[in-house]
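Asker:
2 protein chains.
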Amino acid sequence: MEEVRILEIKQSIFANNDAQAERLRRELKEKGIYLLNLMSSPGSGKTTTLTRVAERLRGVLRMGVMEADIDSDVDARTMAAAGVKTIQLHTGGMCHLDAAMTRQGLEGLEPASLDLVVLENVGNLVCPAEFDTGAVKNVMILSVPEGHDKPLKYPLMFQVCDVVLINKIDVLPYFDFDLQACTEYVHRRNPNARIFPVCAKTGQGIEAFTDWLQTEVRMWKGESV
Amino acid sequence: MEEVRILEIKQSIFANNDAQAERLRRELKEKGIYLLNLMSSPGSGKTTTLTRVAERLRGVLRMGVMEADIDSDVDARTMAAAGVKTIQLHTGGMCHLDAAMTRQGLEGLEPASLDLVVLENVGNLVCPAEFDTGAVKNVMILSVPEGHDKPLKYPLMFQVCDVVLINKIDVLPYFDFDLQACTEYVHRRNPNARIFPVCAKTGQGIEAFTDWLQTEVRMWKGESV
């Protein structure tokens, strides 16, 4: 089991977050490290999804995780137990991460030997959507119990995400969740968003997502796909 | 069906939110209006819970609702269809409501003829916990699919809430949710928090909560209970 380190990150002092994010992205490109920003409501299944992704990518991609939370190291312990290089970031009450905070996290993680770093952002559909972290792509998880109307209520989150994972599809029979309506609402916010229905608990559908992710990482590293 | 009005509220210009909140609370006390602040993650069931509460309180208390959202009027339409005096508040991207924003909402709702006003806050476990809205009590909903570890990860939210509704208990058999552990974690943040397990979809457990709420409102209005 990997050791869990906790890093208290400081609020950014940079006014121009977009410029900081672009700079970080350029540096990561030079180093051949793909950064993915994973967002969702609290309890949508970010950590469980990441353990499944890590299982699938073992021996294929070298993956690390930054677990951002206001408090606790529950998620970092779960990821470390899954054998993934992990750092816990404490945001000191902050509801999101910006590019400078993400940079602090990366410096703590020491990703030189990694192909892929996933930032598990603070569970929140509002604030994280407003800040470019420097990630190559944004992925968000919407879980079935939350309801299919969320793209109507949290427009920016769905607008900035390249991929939407519809998680907990194993409980579809017990909820009034309309997958077709949800797909339509997501595409109303972002016509190019890719949607993968998954069940992180059982692993169902995860392969389609990790296939997409593998291609993404290889293209980022300039490898032929 | 009640008409749905949409109010675009402006960000507060007051530095001292606590003083503004105290002032609002005093004014509401004088008018005999009880303000309840309802918070949760997106999709925990705030609106469904409120429709059940409204059903139970019909003919008992005169209730109004302020639906705070970044966008859309989905929730306000649902409440209005349930025959509840409702106003939709658009926060202009803001992730929370403070006391001055709540005051704007109340002025829009015109609650003179009401005993109870519920503010359905923006779906978010982080930012709304940081701002006193002027409400008499804070209530939050944690739904079973979100997991029992949330009080560990969002400490302030559970600390500031007087009541925690554990919603969607009908799906307990399909999730790894430990009600006993959750109760312990909640009381670690706030030993005095009252916990009501409910299922808003079926109405199960709602009566215990509305009994508590009725007593609260009567005490606030100086009536004998």
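Protein chains in written order, with the working numbering: chain A, 849 to 1073; chain B, 849 to 1073.
Heads up, the beta-carbon is just placed ideally off N, CA and C, and yes, glycines get one too.
Remember, it's a predicted structure, so these values are computed and weren't measured experimentally.
#1: Between residue 906(B) and residue 1025(B), what straight-line distance do the alpha-carbon atoms span, to the nearest angstrom?
#2: Let me make sure I understand the geometry here. Which of 993(B), 1052(B), 953(B), 997(B) has the alpha-carbon closest to that of residue 922(A)?
#3: I need the boundaries of the alpha helix (DSSP H) containing residue 1057(B), first residue and last residue.
#4: Per DSSP, which one or two residues make a beta bridge with residue 917(B)?
#5: In chain order, which continuous runs of the beta strand (DSSP E) of length 3 or greater are located wholly inside the region 944-1022 of chain A?
#6: Between which two residues does the alpha helix (DSSP H) harbouring residue 873(A) extend?
#7: I need the DSSP call for residue 909(A), collapsed to helix, strand or coil.
#8: Between residue 856(B) and residue 941(B), how many whole angstroms is the CB-CB distance? I'm expecting something under 8 Å.
#9: Between the Cα of residue 993(A) and those of 879(B), 986(B), 891(B), spot the shortest distance and give me the residue it belongs to.
#10: Which same chain residues, not among the five before or five after residue 1066(A), have their C-beta less than 8 Å away from its C-beta?
#11: Report yes if the CB atom of residue 1013(A) is closer than 7 Å to the CB atom of residue 963(A), and no otherwise.
#12: Which residues of chain A have a Cβ atom closer than 7 Å to the Cβ of residue 1033(B), listed in chain order?
#13: Looking at the structure shown, is residue 856(A) part of a helix, part of a strand, or coil, going by DSSP?
#14: Going by DSSP, what residue range makes up the alpha helix (DSSP H) through residue 1071(A)?
#15: Give the secondary structure of residue 894(A) by DSSP, where H, G and I count as helix, E and B as strand, and everything else as coil.
#16: Residue 994(B) versus chain A: which residues are under 7 Å apart at the beta carbon?
#17: Report yes or no: is there a C-beta of chain A within less than 7 Å of the C-beta of residue 1022(B)?
#18: Could you tell me which of 978(B), 1020(B), 918(B) sits nearest to residue 865(B), measuring between CA atoms?
#19: Can you find a C-beta in chain A that's less than 7 Å from the C-beta of residue 972(B)?
#20: Short of 8 Å Cβ to Cβ, which residues in the region 1001-1016 of chain B face chain A?
Answerer: Considering the structure as presented:
#1: 33 Å
#2: 997(B)
#3: 1054-1068
#4: 938(B)
#5: 964-968, 985-991, 1011-1015
#6: 865-879
#7: coil
#8: Not confirmed; about 11 Å, so no contact.
#9: 891(B)
#10: 1072, 1073
#11: no
#12: Under the 7 Å cutoff, chain A gives no residues; its nearest Cβ is about 10 Å from residue 1033(B).
#13: strand
#14: Careful: residue 1071(A) lies outside any alpha helix (DSSP H) and carries neither H nor E.
#15: helix
#16: 890, 891
#17: yes
#18: 978(B)
#19: yes
#20: 1001, 1002, 1003, 1004, 1016
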